[in-house]
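First comes the structure, then the notes that go with it.
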Amino acid sequence: MSQTFLLEPDIIAATENVMPDLNNDLVMAKNFLKQQSAATGDSLYDHLVDVVHKILSQKPPDIVDQFEQYSWEVKREKFRPNFDLLNDIYLAPPQLAIVRRLDEMFRLIASKNQKLEDMGEEEQELDLEEDSTKARVADLIEHNYYFREGGYGLPDSECYALYIALQMLAIKEPVATVRFFGKIYGTRSNYYIAETDLTIEELDRRIREFEMKDMPGEGEGLEEAHPQEVEEQKELSDNTEFHKVGEGEAREEKPKEPVPPKLPPEPVSTWQPPPPIPVERPGQGVNRKVYWVCSQPGEQWICLPDVTPEQLRVARLTVRCMTGDLDAEVLTFPPFEGTERNYLRAQVARIAAATSVSPQGFFTYGSGEEEEDIDLEEGAGDLAFNPNPFYQGHTLKDLLDPDLTYWVHHGRYILKQGRTLWWNPNADMEEGVEEEEDEGPPPVAPELGPALFTSLAEDARVEGVRAWAARGSSALAAERALATLRSALWPGAVAYATTGKRSECMYIGWGLKLQLPNFSPLQLPRPQDEYLIGPEVMEMADPTFADEEAYRIAHLPPPPPPELPGEGEGFGEEEEDED
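In numbering that gives the first Met the number 0, the protein residues as written are 0 to 578.
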């Protein structure tokens, strides 16, 4: 190996009989460059570091031609005082803030683990008893490994930082379970989304707040409850004032003024808006799960609000990319009620309802051990389900079946109303009709959707293509292969299942549904006619003088017929003869 470094004679003599080693040569060359000057005390190594740092910070063009100039400026700057703040102002790179947040998050988790290691046996037993009430965090690292086997998933470094962020969410927030839902891209920054179940205490508190919002306060809703009584009281007060004024004016002489004509009453609109569809309470329907988002691992997790039926209805009619700002305004038609945090929550609800899939038998109603565990209090279509402890898995051939009969949906179907449980809009009217025993409005047919655990074989095709595509991770090692599903309706939604007891689904995409034809937003509705168009209400142009003259000439009486010669004389002679 040829030596390219200029070494001192004693160093050369010491290394003549040594086998060539690149690392050893680099150390020897670095030590040689660090030799300090007797005059200034500087070394060539430090000078080169300062020059390279200045070049990388300023990034000038044609640095090869100006290298000597930069070297001279570095030497000259050492003679300046340290309190000169006009030059060399340090600007922290944006990555430094991310690193600091990650370091703080890692130190928090490390301190907690160290605290557990320092506990005694009795304290550890008590802590194990408390673990039953702590949040259960899904093992994202293990699930991401299987997703990577199928060709999807997150990078290892990003996955590890996100897994620690999920643990931090479980420590700081009142949640019972934590699962990584997915990642939605944005034009400015991305969203990491965590799906959680609240603790019983937190869920009860939110339900009480939800019920308090629906109940009118004191003094509120009186006019809405008794509008006729309020109007009658107003009319009586107006009449009494009129009579009082009339008694005083009866003694005076009435002014002789022309009585204005009686005008017809102003028309009153009979249109009534449809009744608003009630929002499903926390812990039920589309609001059963609570979602948290952050832009970077280490940032504070932000809870997304509950979604409303109106927001889901508008979200189905619009196509919009996320920006990464939760407070960004959503400009769409029809108008969307809320900011981007509400729109993101609506899209997450749609994705969860359509892409939550699992192998048949992976989930079951209740705990699967007793039939009494089935929750029937919340109504049909919203039953609680949990992982099946007796699930044994399916063969790879069954999981890769093109008909997908061994895969089912475990996401609750969202009806057109924007709810998972159908709400009868005529429920209040029908109750009043039963009390009065009169004929009421015609009954409304309830809307029904596919039940839970419906097979993927019943999904509608997308332009003749199946809604889900299945493939195996390996054809060479069948004993280690797994099955992965990719959604064609929601690009970015994937799921995997092994031949054992492992299965999970995840979404990584732009949060947009497939639009095969070019998307065309809804057009504004045509304005309705306020009255019938006719000559009585149409504006007419004033006639000009030429028009009036032409009209006068056209309507002149016809001229008298001309008299024939001799007719008048003969008529006079006959009259004389008769006389």
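The C-beta atom is built at its ideal place from N, Cα and C for all residues, glycine as well.
* G284 and L197 look like a contact to me (Cβ under 8 Å); what is the Cβ gap, rounded to whole Å? -> Wrong, their Cβ atoms sit about 15 Å apart, outside the cutoff.
* **Among V174, M167, T195 and C302, the one whose alpha carbon lies nearest that of F180** => T195
* Using alpha carbons as the reference points, say which of S502, D402, A38 and M537 lies closest to S454. => D402
* **Strand pairing of Y191, partner residues [DSSP]** => K182 and C293
* Exposed or buried, D138, counting other C-beta atoms within 10 Å across all chains shown (16 or more means buried)? -> exposed
* Could you say which of H408, I350, L343 and R340 lies nearest to F361 if we only look at CA atoms? => H408
* What did DSSP end up calling Q391 once you bin it into helix, strand or coil? -> coil
* Less than 8 Å between the CB atoms is what I'm expecting for M321 and I97, so what's the real figure, rounded? => No, M321 and I97 are not in contact; Cβ-Cβ is about 20 Å, not under 8 Å.
* Asked: Which term fits M539, buried or exposed, when burial requires 16 or more other beta carbons within 10 angstroms of its beta carbon?
  -> exposed
* Tell me whether P560 is buried or exposed, calling it buried when 16 or more other Cβ atoms sit within 10 Å of its Cβ. => exposed
* Taking one C-beta from the region 351 to 358 and one from the region 479 to 495 each time, how about it: are there three or more such pairs within less than 8 Å? -> yes
* To do: Within the region 458 to 513, note down every full beta strand (DSSP E) run reaching 3 residues or more, in order along the chain.
  => 467 to 471, 482 to 486, 492 to 496 and 502 to 508
* Asked: By the 10 Å Cβ neighbour count, where 16 or more other Cβ atoms means buried, how is P524 classified, buried or exposed?
  -> exposed
* Asked: Taking C-beta to C-beta, are I206 and P281 nearer than 8 Å?
  -> yes
* Asked: First and last residue of the alpha helix (DSSP H) that includes V407?
  -> That residue, V407, is in no alpha helix (DSSP H); its beta strand (DSSP E) goes W406 to H408.
* Taking I350 and P308 to be in contact with their CB atoms under 8 Å, please state how far apart those CB atoms are, rounded to whole angstroms. => Actually they are not in contact, since the Cβ atoms of I350 and P308 sit about 17 Å apart, beyond 8 Å.
* Asked: By how many angstroms is the C-alpha of L311 removed from the C-alpha of Q414?
  -> Here residue 414 turns out to be Leu, not Gln, going by the sequence shown. Roughly 10 Å between the two C-alpha positions.
* Give me whichever residues DSSP pairs with Y364 in a beta bridge. => F384
* To do: Could you round the C-beta distance between A352 and G410 to whole angstroms and report it? I think they count as a contact, below 8 Å.
  => 5 Å
* Asked: Between E200, D49 and K58, which lies nearest to S70 when the distance is taken from Cα to Cα?
  -> D49
* Asked: Rounded to whole angstroms, how far is the Cβ of R344 from the Cβ of Y290, which I believe are closer than 8 Å?
  -> 7 Å
* Asked: So what does DSSP say about E328, is it helix, strand or coil?
  -> strand
* **Sub-8 Å separation of S294 and S156 beta-carbons** => no
* To do: Pick helix, strand or coil for D338, following the three-state DSSP scheme.
  => Position check: residue 338 holds Thr in this sequence, whereas Asp was assumed. Reduced to three states, the DSSP call for T338 is strand.
* Asked: Under three-state DSSP, which class holds D196?
  -> strand
* Tell me whether E503 is buried or exposed, calling it buried when 16 or more other Cβ atoms sit within 10 Å of its Cβ. => buried
* Alpha-carbon to alpha-carbon, H142 and E116 -> 27 Å
* Of the residues R501, R479, A476 and F78, the one placed nearest F389, counting alpha carbons only -> R501
* Asked: Bridge partners of S454, per DSSP?
  -> V407
* Keeping to the same chain, check which residues put their C-beta closer than 6 Å to that of Q2; ignore five residues upstream and five downstream. => Since pLDDT at Q2 reaches only 43, below the 50 mark, its modelled position is unreliable, and no value is offered.
* Asked: Ends of the beta strand (DSSP E) at P357?
  -> It is Ser, not Pro, that sits at residue 357 in the sequence shown. Run containing S357: V356 to P358, per the beta strand (DSSP E) assignment.
* **Buried/exposed call for R497, threshold 16 Cβ in 10 Å** => For clarity, residue 497 is Thr in the given sequence; the question names Arg instead. Burial call: buried.
* Classification of H554 by the beta-carbon crowding that lies within 10 angstroms, buried from 16 upward -> exposed
* **Span of the alpha helix (DSSP H) around S56** => L43 to Q57
* Assign M505 to buried or exposed, taking buried as 16 or more other Cβ atoms, counted over all protein chains shown, within 10 Å of its Cβ. => buried
* Contacts around A169, its chain only, beta-carbon distance under 6 Å, and the 5 residues preceding and following it disregarded -> A134, V136 and V177
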